[in-house]
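*Asks:* In this note's numbering, the protein residues as written are 6 to 599.
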């Protein structure tokens, strides 16, 4: 019996994918995503349900005006108890959808640029195709499902550099893998960067037209990274394509549109403007040119823009086809002329009413930066701040680098056994060779620690890591590396302490000291007393003081501890101690957790 994909059926019947999923949920049909297949019997049942709904709607239409007239007076008498959130929900649903922004990443020579070139040539009109990337580092592709925006900045490091500044530009990431080469080091890095960005990810297996192509091998290798394709029962969309012949490209664009539909991407063109710098450069004739991705609101010529601690007025604006435009709405990449300095990729852009307002924003940001730099000098991040807030299940993010593949696999095997119900070890990236600046960027955005075995980072990489507050730790002995992981795990688990009794002493005489105050000459009757231990002073049956033993002496010598049967001088930093008082010492010890 033949099967049909859900999104194909929705398209044939002219209904939204969300509506189709609601019908399947009502029938109790299980599915992974809109690209899952369903049986022909289910298809016929859905067709009957839609036909019944259409018939009911058609039968009720003549009475609709009368019903509306009857209900109209009631509608005006809305009770005060009506939920106040209803208007807000209605407003949210009225915000129009925007085009998805897609970035393509993967290993070198796996066909990223070729795939972009094919989409550009076939999906952009011939008159607009030439020199698009010279105008804007992005282009718009028109498909049967609408507009899709591709960021033409290949490379996962550029992708993460943008995100490291707090800007999530891309809505969807496509990982290109060559069918004749399978997973390579940069492929794994690209996947790790996409996962760190927490954006939906699609896999495009390129070069399927080659005789030596083996897409099944790629799918099998993906399972080693816990990425299970839909054919194998997972939820990862894998599309075989050929950038040379165009095979599967339409399917890839269809999946992009489906993913965007499920993500429900919306932006208000009438709202406050917000955008991100994709790239900036200096043109010998025009001057400073900046490519801006409009995310919210609408950008107009003559608007004042603020980027970081710089501002500028838009003198001219060009779209991805090289044409001059007056305004640009959400999900539109534009090149603007008007900045005096080249802005950095990933910088957030906001608008200002006038030049005076722009200068005020810049001055406030400069002040905040100076305050942050001063605060950073005064303190280092604690482990809890690096790992995030403590929760029921906590994750230790690691990037692993070793000298050989055997070492990588051995360490990963040991780390897998270190996980528990409370702590999860997430090896975001495991590779051979010294750590790179790309690893540091990933670690800074994902709050990860870089562990190196038998390899060391170069001076340049260490300098970048210091600047971003990333820890790079190198080891020559595998057990020392494992001990470091244990320390990270221990630091990421909320410690449990309990009070441990140490001993007690009886105060037999008082000694007045000009600097230390009252020192209690005491005799240790039980256990031992330690310097810096917690102290509780009891007089009769009443506790009269709780504090710390700040000083402990035997004759004139400062000591750390005094045992049972010895006399000592105790300073509890409290001058009201009396003869006959009992000083009880205790300390807080961490309880080892299984």
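Beta carbons are placed, not taken as given, at the ideal position from N, Cα and C, and that holds for glycine.
Is it right to say residue 32 is buried, meaning 16 or more other beta carbons lie within 10 angstroms of its own, or is it exposed?
*Replies:* Walking along the chain shown from the start, residue 32 turns up at place 27. With fewer than 16 Cβ atoms within 10 Å of its Cβ, residue 32 is classed as exposed.
*Asks:* Quick check on this structure: which residue in 327, 465, 289 and 280 has the alpha carbon closest to the alpha carbon of residue 309?
*Replies:* Here the question's residue 309 lines up with position 304 in the chain shown. When only C-alpha atoms are compared, the closest one is 280.
*Asks:* Give every residue of the same chain whose Cβ lies closer than 8 Å to the Cβ of residue 36, excluding the five residues on either side of it in the sequence, and list them in chain order.
*Replies:* As a position in the chain shown, residue 36 is number 31, starting the count at 1. Hits under 8 Å: 11, 26, 29 and 43.
*Asks:* Between residue 288 and the rest of its own chain, which residues show a CB-CB distance below 7 Å, the 5 nearest in sequence each way excluded?
*Replies:* As a first step, residue 288 must be located in the chain shown, where it is residue number 283. The answer, listed in chain order, is 294.
*Asks:* DSSP beta-bridge partners for residue 518?
*Replies:* By 1-based counting over the chain shown, the position of residue 518 is 513. Note: residue 518 sits in a beta bridge opposite 522.
*Asks:* On the CB-based measure, 16 or more other CB atoms within 10 Å of its CB, does residue 341 come out buried or exposed?
*Replies:* The count along the chain shown starts at 1 and reaches residue 341 at position 336. Residue 341 is buried by the Cβ-count criterion.
*Asks:* Can you give me the Cβ contacts of residue 76 inside the same chain, cut-off strictly under 7 Å, excluding the 5 residues immediately before and after it?
*Replies:* Here residue 76 refers to the residue found at position 71 when the chain shown is read from its first residue. The predicted position of residue 76 is uncertain, since its pLDDT is 39 and thus under 50; a value taken from the coordinates is nonetheless stated next. Contacts found: none.
*Asks:* Would you check if there are 3 or more beta carbon pairs closer than 8 Å linking the segment 113 to 132 to the segment 341 to 355?
*Replies:* Cβ pair count under 8 Å is below three, so no.
*Asks:* So, at 7 Å on beta carbons, what are the nonlocal neighbours of residue 412 in its own chain, with the 5 sequence-adjacent residues on each side left out?
*Replies:* The residue given as residue 412 occupies position 407 in the chain shown. 458 and 459, listed in sequence order.
*Asks:* So, is residue 513 buried or exposed, given that buried needs 16 or more other C-beta atoms within 10 angstroms?
*Replies:* Locating residue 513 in the chain shown gives position 508, counting from the first residue. Exposed, by the Cβ-count rule.
*Asks:* Helix, strand or coil: which one does DSSP assign to residue 12?
*Replies:* By one-based count along the chain shown, residue 12 stands at place 7. Three-state DSSP puts residue 12 in a helix.
*Asks:* Measuring alpha carbon to alpha carbon, tell me which residue in 59, 38 and 242 is nearest residue 19.
*Replies:* Locating residue 19 in the chain shown gives position 14, counting from the first residue. Out of 59, 38 and 242, 59 has the C-alpha closest to the C-alpha of residue 19.
*Asks:* Can you find the residues in the same chain that come closer than 6 Å, C-beta to C-beta, to residue 586, ignoring five residues on each side of it along the sequence?
*Replies:* By one-based count along the chain shown, residue 586 stands at place 581. 512, 542 and 544, listed in sequence order.
*Asks:* Could you give the DSSP three-state label for residue 191: helix, strand or coil?
*Replies:* Taking the first residue of the chain shown as 1, we reach residue 191 at position 186. Residue state, collapsed to three classes: helix.
*Asks:* Just verifying my parser: in three-state terms, what is the DSSP assignment at residue 282?
*Replies:* For the purposes of this step, residue 282 is identified with residue 277 of the chain shown, where counting begins at 1. Of the three classes helix, strand and coil, the one that applies to residue 282 here is strand, per DSSP.
*Asks:* In the DSSP assignment, what are the bridge partners of residue 310?
*Replies:* Walking along the chain shown from the start, residue 310 turns up at place 305. The partner list for residue 310 (beta bridge, DSSP) reads 317 and 356.
*Asks:* At the level of alpha carbons, what is the spacing between residue 15 and residue 248?
*Replies:* On the chain shown, residue 15 is found 10 positions in, with the first residue counted as 1. On the chain shown, residue 248 is found 243 positions in, with the first residue counted as 1. Using only the alpha carbons, I get a separation of about 28 Å.
*Asks:* Grab the span of the beta strand (DSSP E) containing residue 479 for me, first residue to last.
*Replies:* The residue given as residue 479 occupies position 474 in the chain shown. Unbroken beta strand (DSSP E) run through residue 479: 477 to 480.
*Asks:* Counting Cβ pairs, one atom from each stretch, are 3 or more of them under 8 Å apart for the segment 201 to 219 and the segment 227 to 247?
*Replies:* Yes, the segment 201 to 219 touches the segment 227 to 247.
*Asks:* For the segment 213 to 227 and the segment 181 to 189, state whether three or more C-beta atom pairs, one from each stretch, are separated by less than 8 Å.
*Replies:* A contact exists between the segment 213 to 227 and the segment 181 to 189.
*Asks:* Starting from residue 407, follow the beta strand (DSSP E) in both directions and report where the run begins and ends.
*Replies:* As a first step, residue 407 must be located in the chain shown, where it is residue number 402. Unbroken beta strand (DSSP E) run through residue 407: 399 to 407.
*Asks:* Determine the direct distance from the alpha carbon of residue 109 to that of residue 17, and round the result to whole angstroms.
*Replies:* Residue mapping note: residue 17 aligns to position 12 of the chain shown, counting from 1. Residue mapping note: residue 109 aligns to position 104 of the chain shown, counting from 1. Going by the C-alpha atoms only, they are around 30 Å apart.
*Asks:* DSSP three-state call for residue 71: helix, strand or coil?
*Replies:* Indexing the chain shown from 1 puts residue 71 at position 66. Confidence at residue 71 is low in this model, with a pLDDT of 43, below 50, so its placement is unreliable and the value that follows should be read with caution. Correct three-state label for residue 71: helix.
*Asks:* Would you mind reading off the limits of the alpha helix (DSSP H) that contains residue 301?
*Replies:* The residue labelled residue 301 in the question sits at position 296 within the chain shown. Here residue 301 belongs to no alpha helix (DSSP H); instead the beta strand (DSSP E) covers 292 to 301.
*Asks:* Who are the Cβ neighbours of residue 277 in its own chain at under 6 Å, not counting the five residues just before and after it?
*Replies:* For the purposes of this step, residue 277 is taken as the residue at position 272 of the chain shown. Within the same chain, residue 277 has close Cβ partners 302.
*Asks:* Keeping to the same chain, check which residues put their C-beta closer than 8 Å to that of residue 557; ignore five residues upstream and five downstream.
*Replies:* As a working note, residue 557 is residue 552 in the chain shown. Cβ within range, chain order: 534, 535, 536, 563, 564, 565, 566, 567, 573, 574, 575 and 576.
*Asks:* For residue 492 and residue 484, what's the separation of their Cα atoms in angstroms?
*Replies:* To locate residue 492, count along the chain shown from 1; it is residue 487. To locate residue 484, count along the chain shown from 1; it is residue 479. If you take the alpha carbons of residue 492 and residue 484, they lie about 12 Å apart.
*Asks:* Across which residues does DSSP place residue 330 in a beta bridge pair?
*Replies:* As a working mapping, residue 330 is identified with position 325 in the chain shown. Answer is none; residue 330 lacks a bridge partner.
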